[in-house]
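These protein sequence lines map, in sequence, to chains A and B.
Heads up, the first sequence is in our numbering, so the first residue is 1 and it goes up one at a time.
Heads up, the second sequence is in our numbering, so the first residue is 1 and it goes up one at a time.
Beta carbons are placed, not taken as given, at the ideal position from N, Cα and C, and that holds for glycine.
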Amino acid sequence: MLIADTPFTPEEMTPEQFRSLAGQIEAAIGQFIVGQRDIVRGVLTAVLAGGHVLLEGAPGLGKTMLVRTIGEALQLAFARIQFTPDLMPSDITGTTLIIEDATGHKTFQFQPGPIFANLILADEINRATPKTQAALLEAMQERRVTVAHSSYTLPEPFLVLATQNPIEMEGTYPLPEAQLDRFLFKLVVPYPRLDDLMEIAARTTTSRVHTVPRVVDGPTVLQMTNLARDLPVATPVLRYAAHLIQNTHADAPDSSPNVRRFVRYGSSPRGVQALILAAKIRALLEGRLNVAFADIRAVALPALRHRVLLNFEADAEGMTPDQIIEAIVAATPEV
Amino acid sequence: MIGRIASRNDPRRQLRAQVADFALARRRTEAIRRAVWGVAIGGALAALVGVAIQFTTLNGGPAIAGTLGVVLVIAAAIIGWLDRVPETRVALEVDRHLGLNERVTTAVEMATAPSEHPLAERQIADAVAHLVTVRRGAVYPIRLSGRLQILAVLGIVLAVLPWIVPWSTVPALRPRTSIAAAASRAEAARLDQAAKRLEQQNTPEDQATRSALAAQLRQAADQLRRDSGNAQQATSDLQRAEQIAASTAPQTGEDASLTLARISDALNNSSTTKPITQALDQQNLAQALAALNQTANQLGSMSPAQRNDLAQALQAASNAARGSDTSAAQQLQQAAQAAQNGNAAGLQQAAQALQQLTNASQAQRDASQAQSEMQASSEAIAQAAQSGSASPNASSDPTAANAQASSSSQAGSGAQSSSDQTNQSAAASSDQSGGTGQSANGGQQAQTGSANGQGSGIGTGSANHLGAAHDVPNASGQEVYVPSNQSGAPGSISQSNQLQAPVGGGSQVDYRNVLPEYQKQALQAVQNNSVPSDLKQVVRGYFDSLAPGK
Numbered sequence: 001m002l003i004a005d006t007p008f009t010p011e012e013m014t015p016e017q018f019r020s021l022a023g024q025i026e027a028a029i030g031q032f033i034v035g036q037r038d039i040v041r042g043v044l045t046a047v048l049a050g051g052h053v054l055l056e057g058a059p060g061l062g063k064t065m066l067v068r069t070i071g072e073a074l075q076l077a078f079a080r081i082q083f084t085p086d087l088m089p090s091d092i093t094g095t096t097l098i099i100e101d102a103t104g105h106k107t108f109q110f111q112p113g114p115i116f117a118n119l120i121l122a123d124e125i126n127r128a129t130p131k132t133q134a135a136l137l138e139a140m141q142e143r144r145v146t147v148a149h150s151s152y153t154l155p156e157p158f159l160v161l162a163t164q165n166p167i168e169m170e171g172t173y174p175l176p177e178a179q180l181d182r183f184l185f186k187l188v189v190p191y192p193r194l195d196d197l198m199e200i201a202a203r204t205t206t207s208r209v210h211t212v213p214r215v216v217d218g219p220t221v222l223q224m225t226n227l228a229r230d231l232p233v234a235t236p237v238l239r240y241a242a243h244l245i246q247n248t249h250a251d252a253p254d255s256s257p258n259v260r261r262f263v264r265y266g267s268s269p270r271g272v273q274a275l276i277l278a279a280k281i282r283a284l285l286e287g288r289l290n291v292a293f294a295d296i297r298a299v300a301l302p303a304l305r306h307r308v309l310l311n312f313e314a315d316a317e318g319m320t321p322d323q324i325i326e327a328i329v330a331a332t333p334e335v
Numbered sequence: 001m002i003g004r005i006a007s008r009n010d011p012r013r014q015l016r017a018q019v020a021d022f023a024l025a026r027r028r029t030e031a032i033r034r035a036v037w038g039v040a041i042g043g044a045l046a047a048l049v050g051v052a053i054q055f056t057t058l059n060g061g062p063a064i065a066g067t068l069g070v071v072l073v074i075a076a077a078i079i080g081w082l083d084r085v086p087e088t089r090v091a092l093e094v095d096r097h098l099g100l101n102e103r104v105t106t107a108v109e110m111a112t113a114p115s116e117h118p119l120a121e122r123q124i125a126d127a128v129a130h131l132v133t134v135r136r137g138a139v140y141p142i143r144l145s146g147r148l149q150i151l152a153v154l155g156i157v158l159a160v161l162p163w164i165v166p167w168s169t170v171p172a173l174r175p176r177t178s179i180a181a182a183a184s185r186a187e188a189a190r191l192d193q194a195a196k197r198l199e200q201q202n203t204p205e206d207q208a209t210r211s212a213l214a215a216q217l218r219q220a221a222d223q224l225r226r227d228s229g230n231a232q233q234a235t236s237d238l239q240r241a242e243q244i245a246a247s248t249a250p251q252t253g254e255d256a257s258l259t260l261a262r263i264s265d266a267l268n269n270s271s272t273t274k275p276i277t278q279a280l281d282q283q284n285l286a287q288a289l290a291a292l293n294q295t296a297n298q299l300g301s302m303s304p305a306q307r308n309d310l311a312q313a314l315q316a317a318s319n320a321a322r323g324s325d326t327s328a329a330q331q332l333q334q335a336a337q338a339a340q341n342g343n344a345a346g347l348q349q350a351a352q353a354l355q356q357l358t359n360a361s362q363a364q365r366d367a368s369q370a371q372s373e374m375q376a377s378s379e380a381i382a383q384a385a386q387s388g389s390a391s392p393n394a395s396s397d398p399t400a401a402n403a404q405a406s407s408s409s410q411a412g413s414g415a416q417s418s419s420d421q422t423n424q425s426a427a428a429s430s431d432q433s434g435g436t437g438q439s440a441n442g443g444q445q446a447q448t449g450s451a452n453g454q455g456s457g458i459g460t461g462s463a464n465h466l467g468a469a470h471d472v473p474n475a476s477g478q479e480v481y482v483p484s485n486q487s488g489a490p491g492s493i494s495q496s497n498q499l500q501a502p503v504g505g506g507s508q509v510d511y512r513n514v515l516p517e518y519q520k521q522a523l524q525a526v527q528n529n530s531v532p533s534d535l536k537q538v539v540r541g542y543f544d545s546l547a548p549g550k
């Protein structure tokens with residue numbers, strides 16, 4: 001049941017309605033997720049942009065709960081896949097089974113896997129083998145799955161929200177660059193503050209059961225996504241985003257000394273797509289009908305931190321991708 | 001009508017109009033800003049021009065500097081006005097100044113291109129709504145930065161500075177024009193003083209000439225004041241004045257002083273006329289005339305031999321004067337005939353001749369002095385204009401003898417320098433190998449002469465040019481002696497008319513061309529200085545012996 005209080009017709013989503021619905025979604029999530037407003041905004045931005053999100057954080061920070069709450073608020077079919085080292089690709093995509101009908105006739109029938117959902121929670125994605133991780137690749141990019149020479153289209157919207165634990169890296173399989181590049185955002189979940197901890201304790205240690213209000217449904221999310229894609233972007237802003245991406249490469253003419261020293265490989269063109277899509281969402285959430293330089297700067301970190309690969313010298317110097325990207329943003333002129 | 005209203009309310013049209021307004025405001029602000037830069041740069045350039053003008057003789061300096069500054073300001077303003085930037089850039093600047101997050105930039109792009117965005121119209125309307133209440137001055141204010149204001153004020157101050165700084169009080173920065181002008185004014189004062197001294201001389205025989213020469217000196221001084229600062233014009237005017245002064249004195253075949261010296265020598269041969277000779281040597285015309293009168297009175301009591309002796313002396317005097325003043329020569333000849341005939345009244349002819357020659361000599365001396373004064377002024381002004389230093393001796397006594405010529409009593413003598421401020425020295429020296437004689441005088445070429453002989457003569461002199469004294473030794477730097485046929489020392493002199501290569505870079509001149517000048521200067525020197533009569537005769541005899549053909 002939708003509780004959205006702004007009546008609209010599916011064909012006439014307006015920016016004001018977009019902003020209102022997004023606010024309601026955030027409010028609904030906020031009833032269950034204490035603090036983490038930036039993470040909630042980031043996940044929502046990525047979801048509305050139609051992109052996948054990689055959430056990195058220590059255990060117990062609410063990553064799984066966040067994804068589940070979003071799924072319920074958006075009334076999206078939710079599936080959780082716990083990635084373990086023994087997980088097989090068919091465990092994700094599905095397999096064909098021999099089914100005997102009432103007449104005793106046996107046929108092969110495709111049994112879809114958990115990936116056939118709107119919102120996939122790939123928990124601890126770095127624990128599965130690369131082979132299993134690769135099974136997710138095609139689905140994330142192509143929105144389809146191929147099993148036994150047959151392709152099956154995934155439902156729309158299709159969003160993968162993956163989590164990984166940065167502290168127990170032993171026995172894990174770091175995500176390959178190709179798969180990392182398919183995530184729109186990488187969000188680092190911080191440890192909650194003191195007052196947030198107190199709130200968490202107060203909410204979760206009672207017998208009260210909370211239900212997540214359902215704000216919108218899948219088609220509405222698609223409409224919101226389509227509306228955001230229609231937002232105009234001025235050429236100077238596009239040029240700024242492209243300039244940022246270019247400056248992540250060590251061989252770029254305007255790259256900074258730090259980039260030349262510490263970056264092994266810069267962002268792919270998917271980085272500029274991520275910047276623009278996310279900037280559009282942010283512009284709409286801010287109540288604007290155009291993308292600004294500030295929007296690009298605001299989404300640069302989550303959009304690029306997993307796309308800029310550092311070398312060993314950066315590791316030795318303790319340089320992080322965030323520092324590199326912040327320096328690039330500061331050094332790149334708007335015009 | 002409705003179409004027009006709709007057109008006016010069209011957000012795209014409104015947006016374009018708003019951006020055009022901002023663009024116009026930008027051009028206005030840029031024109032003003034660049035004009036202020038023009039004030040700063042123009043002021044600096046005008047200051048440079050002003051300083052340069054202080055050191056030249058260019059007229060209309062303030063007008064030139066002011067015009068340059070104004071032209072720069074106007075040109076800068078025009079360039080600023082013509083600096084049109086694209087609409088997109090104006091939109092970006094508007095967005096940045098007003099914090100509109102690229103609303104206007106996006107709207108301008110949507111408005112100028114066929115829009116494929118469903119939200120384009122709404123976005124344009126949104127941008128228009130944000131600009132409606134914005135004043136153009138909020139984005140492009142006519143406000144100059146503090147730095148620009150300071151630069152403009154500095155430019156104005158610099159532009160005015162060259163015209164208010166008292167340059168003449170700063171010795172290191174004294175402009176050349178004021179130095180040359182100061183030299184001209186100083187020389188003009190000096191010429192006035194020379195004119196005054198000339199008029200105050202108590203010699204009635206050359207009164208008219210002295211008055212004329214004094215007037216010429218004053219006229220030259222006035223001309224210098226009018227030419228103040230223009231060294232070239234001043235020098236040219238002084239040269240002209242010198243020529244006029246030269247023509248003021250009676251023109252005789254040779255210097256009248258020399259003629260008188262020759263007459264004196266001729267009269268010295270007779271015991272009857274020796275008193276006259278002594279008086280002439282002392283330049284005492286009255287005494288000479290008195291002696292002549294006494295001789296005339298005694299004529300009647302003279303023996304024929306004495307009258308003959310007197311007549312011969314007078315005839316020799318006539319011969320001596322023939323090359324210079326034919327009327328004086330004729331008068332002396334008539335006096336000789338009168339003496340022969342015992343006609344005492346006829347001896348008055350001789351007195352008239354002596355009077356005439358004395359007057360001419362004094363007048364020529366005065367003219368020579370006036371010429372020397374003018375030449376000294378010309379050199380001083382030229383040097384001031386060249387070196388940029390004011391004449392330190394502008395008020396010095398022009399009669400001070402700055403040069404000294406040492407002469408050997410044994411052999412000939414070098415030329416003495418005249419007693420004027422420029423102290424022209426004519427050091428005629430020669431050595432056994434035929435060296436060069438140099439005269440160190442500003443503007444005069446080194447003159448060479450050659451004399452081959454056994455003896456040597458000392459020729460040294462010094463020349464002072466506005467305080468800069470320097471010695472002019474002979475070519476070899478050693479003292480050499482040239483014997484005279486009238487000296488007590490044995491020896492002979494042979495002269496070569498062949499030009500030899502000068503030593504030390506001097507010029508080559510036939511000595512026959514320079515000898516008269518040297519002789520004239522030497523005789524003037526001995527006349528003007530306290531030199532014993534017999535030594536005066538030594539000098540006369542020396543130059544006579546050098547005459548061509550002897």
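With 7 Å as the threshold, decide whether the Cβ of R122(B) is near any Cβ in chain A. yes
Tell me, please, which residues DSSP counts as bridged to L100(B). Per DSSP, none; premise fails for L100(B).
Whether or not the region 342 to 359 of chain B and the region 134 to 154 of chain B are in contact is what I'm after, with contact meaning three or more pairs of Cβ atoms, one per stretch, closer than 8 Å; do they touch? no
Kindly list the residues whose CB is nearer than 8 Å to the CB of Q111(A), restricted to its own chain and excluding five residues on each side of it in sequence; keep chain order. G94, T95, T96 and L97
So M374(B) packs on E242(B), CB below 8 Å; how close in whole Å? 5 Å
Taking the C-alpha atoms as reference points, what is the distance between P15(A) and N101(B)? 17 Å
Whole-Å CB distance - A75(B) paired with A159(B), under 8 Å assumed: Actually they are not in contact, since the Cβ atoms of A75(B) and A159(B) sit about 16 Å apart, beyond 8 Å.
Distance between beta carbons of A228(A) and L275(A), contact taken as under 8 Å: 13 Å between Cβ atoms; not a contact.
What separation, rounded to the nearest whole angstrom, lies between the Cα atoms of A128(A) and I92(A)? 11 Å
Start-to-end residues for the beta strand (DSSP E) that takes in I120(A): L119 to D123
So the candidates are Q246(A), L285(A) and D254(A); which of them puts its Cα closest to the Cα of T268(A)? It should be pointed out that residue 268(A) corresponds to Ser in this sequence rather than to Thr. Comparing Cα positions, the closest option is Q246(A).
Compare the C-beta of T6(A) against all C-beta atoms of chain B and say whether one is closer than 7 Å. Caution is warranted here: a pLDDT of 45 is assigned to T6(A), below 50, making its placement in the model unreliable, and the coordinate value is therefore given only provisionally. False, the Cβ-Cβ gap to chain B never drops below 7 Å.
Checking the sheet assignment: what are the DSSP bridge partners for E373(B)? E373(B) is not bridged to any residue.
Mind listing which residues of the region 100 to 114 of chain A have their C-beta closer than 8 Å to chain B's C-betas, in chain order? none
Can you pull the DSSP bridge partners for I81(A)? A122(A)
Helix or strand or just coil, what does DSSP make of L2(A)? The predicted model places L2(A) with a pLDDT of 35, which falls under 50 and marks its position as unreliable, so this point remains unresolved.
Could you check if Q179(A) is buried or exposed, using at least 16 other CB atoms within 10 Å of its CB as the buried criterion? buried
Spell out the partners DSSP gives F108(A) in its beta bridges. I98(A)
Quick one: does P333(A) have its CB under 7 Å from some CB of chain B? no
Is the beta carbon of A120(B) sitting closer than 7 Å to the one on P232(A)? yes
Could you check whether the Cβ of E16(A) sits closer than 7 Å to any Cβ belonging to chain B? no
L21(A) versus R288(A): straight-line alpha-carbon distance, rounded: 15 Å
Against chain A, does T105(B) count as a neighbour if the rule is that its beta carbon must be under 7 Å from one of theirs? yes
Proximity winner among H52(A), A77(A), R270(A) and P190(A), relative to P59(A) (alpha-carbon distances): P190(A)
Below 6 Å CB to CB, which residues in the same chain sit around Q331(B) once its five sequence neighbours on both sides are set aside? Q349, Q352 and A353
Report yes or no: do three or more beta-carbon pairs, one from the region 221 to 233 of chain B and one from the region 279 to 297 of chain B, lie closer than 8 Å? no
Please state the DSSP three-state secondary structure of R260(A). helix
Which same chain residues, not among the five before or five after R12(B), have their C-beta less than 7 Å away from its C-beta? A111 and I124
What's the gap between the Cα of N226(A) and the Cα of I79(B)? 48 Å
Residue span of the alpha helix (DSSP H) that contains L347(B), given as start and end: Neither: L347(B) is in no alpha helix (DSSP H) and is coded neither H nor E.
Given a cut-off of 7 Å on the beta-carbon distance, is the pair G266(A) and H249(A) in contact? yes
Check whether the region 294 to 301 of chain B and the region 271 to 282 of chain B are in contact - that is, three or more C-beta pairs closer than 8 Å. yes
Between the alpha carbons of T64(A) and L54(A), how many angstroms are there, rounded? 12 Å
Would a check of beta-carbon distances place S389(B) closer than 7 Å to chain A? Because S389(B) carries a pLDDT of 49, less than 50, the predicted location of this residue cannot be relied on, and the following value inherits that uncertainty. Taking Cβ atoms only, chain A never reaches closer than 7 Å to S389(B), which makes this a no.
Buried versus exposed, by CB contacts within 10 Å (16 or more), P141(B): exposed
Cβ-heavy atom distance between N513(B) and the ligand COA below 6 Å? Among the components of this structure there are no ligands whatsoever, and the ligand COA is therefore not found.
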